[in-house]
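Residue numbers for the first sequence follow the working numbering, beginning at 646 and rising by one. No residue lacks a Cβ here, since even glycine has one placed at the ideal position from N, Cα and C. Here the structure comes first, spelled out in structure tokens, and everything after it is commentary.
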Amino acid sequence: MKPLGRQFYCRDTVEVAKDLLGKLLVREVNGRMLVGRIVETEAYGAHNDPASHAYRKKTDRNAVMFGEQGRAYIYFTYGNHFCLNATARDNLPAGAVLIRAMQPIEGIGSMMQNRKTSVLTNIGSGPGKLTQALKITREQNSADLCTKGELYIARSNDKMNSKIGKSSRIGIVRAVDKKWRFFIEENLHVSRKLKTNDRNQQVRV
DNA sequence: CTCTCGATGCACT
DNA sequence: GTGCATCGAGAGA
646 MKPLGRQFYC RDTVEVAKDL LGKLLVREVN GRMLVGRIVE TEAYGAHNDP ASHAYRKKTD
706 RNAVMFGEQG RAYIYFTYGN HFCLNATARD NLPAGAVLIR AMQPIEGIGS MMQNRKTSVL
766 TNIGSGPGKL TQALKITREQ NSADLCTKGE LYIARSNDKM NSKIGKSSRI GIVRAVDKKW
826 RFFIEENLHV SRKLKTNDRN QQVRV
């Protein structure tokens, strides 16, 4: 499996968010391969995006969002969970794509152990869940996703003729007018369960 | 099935 | 001290 090149991430963050759908998230831990197919993403910008961690100045936490494209930006939230982003931007000073859901492909037994569940649709159906399934913590923060290693993103053989949907981003209160969440329609059952109101906001791209 | 609510650590004001 | 880019349990329908 060949990692996506740096140039893939050196484009408009919203475009990268759409194009990451269907790609393979690859994690090597203790010589074991864990692979998931990305089915839900969200774009986060810089000073143009009040919902982004990079809306204000560069700090210790958000520094990776201001750095090289194609790296893992991982943060800890709600006292319990890690969330995984891929840094991506064109002309703005910062930007990243949050990986919100994945469909388990390989190493499913290990993922089930990591998640303490045997329910397939409960392994990667949420940003905090998929990091737990893949044993991703702040130790992987700033890891290079363009190099074969402990964490990277690879092209998939799947032809991308899937229907793509979009909506407002989940769990934020600012900039709800931006429809920067993207997902593969037929994999909605793998995405996080949404409130009825959020589901009604979803439209076709 | 749906919705509400509390846990929990830490960055930032 | 305040506010989260969340999750799972529990209650109600």
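Just reading off the alpha helix (DSSP H) that SER755 is part of, what are its end residues? 753 to 760
Exercise. Skipping 5 residues on each side, what residues in its chain have a beta carbon closer than 7 Å to that of PHE721?
Worked result: The answer, listed in chain order, is PHE727, ARG783.
**Message:** Which residue marks the beginning of the beta strand (DSSP E) containing ALA733, and which one marks its end?
**Reply:** Note, ALA733: premise wrong, no beta strand (DSSP E); not H, not E.
Legend entry - For ASP664, three-class secondary structure by DSSP: helix
Next item on the list: Look up LEU670 in the DSSP assignment and say whether it is helix, strand or coil.
Entry: strand
Exercise. Can you tell which of LYS647, GLY667, ARG716, ARG745 has the C-alpha that lies nearest to the C-alpha of ARG837?
Worked result: The option with the nearest alpha carbon to ARG837 is ARG745.
Report task. For THR704, count neighbouring C-beta atoms within 10 Å of its own C-beta (all shown protein chains included) and say buried if the count is 16 or more, exposed if not. Result -> By the 10 Å Cβ count, THR704 comes out exposed.
_What would DSSP say about GLU713, mapped onto helix, strand or coil?_
The DSSP-derived three-state label of GLU713 is coil.
Is it the case that the Cβ atoms of SER812 and VAL848 are separated by a distance below 8 Å? yes
From ARG760 to LEU679, what does the alpha carbon distance come to, in whole angstroms? 13 Å
* Taking C-beta to C-beta, are SER787 and VAL661 nearer than 8 Å? -> With contacts defined by Cβ atoms closer than 8 Å, SER787 and VAL661 do not form a contacting pair.
Open item on the list: On the DSSP bridge list, what partners appear for ALA799?
Closed with: PRO648, LEU669
Going straight from the alpha carbon of ALA691 to that of LEU737, what length do you get? 7 Å
So, for ASN707: in the same chain, excluding its five sequence neighbours on each side, which residues have a beta-carbon less than 6 Å away from its beta-carbon? HIS698, ALA699
Inter-residue CB distance, ARG651 and GLY667 (contact presumed, cutoff 8 Å):
Between GLY667 and ARG651 the Cβ distance is about 20 Å, and since that is not below 8 Å, they are no contact.
Exercise for review: Within the same chain, show all residues whose beta-carbon is closer than 7 Å to that of TYR654, passing over the 5 residues directly before and after it, in chain order.
Suggested key: VAL661, GLN714, GLY715, ALA731, THR732, ALA733
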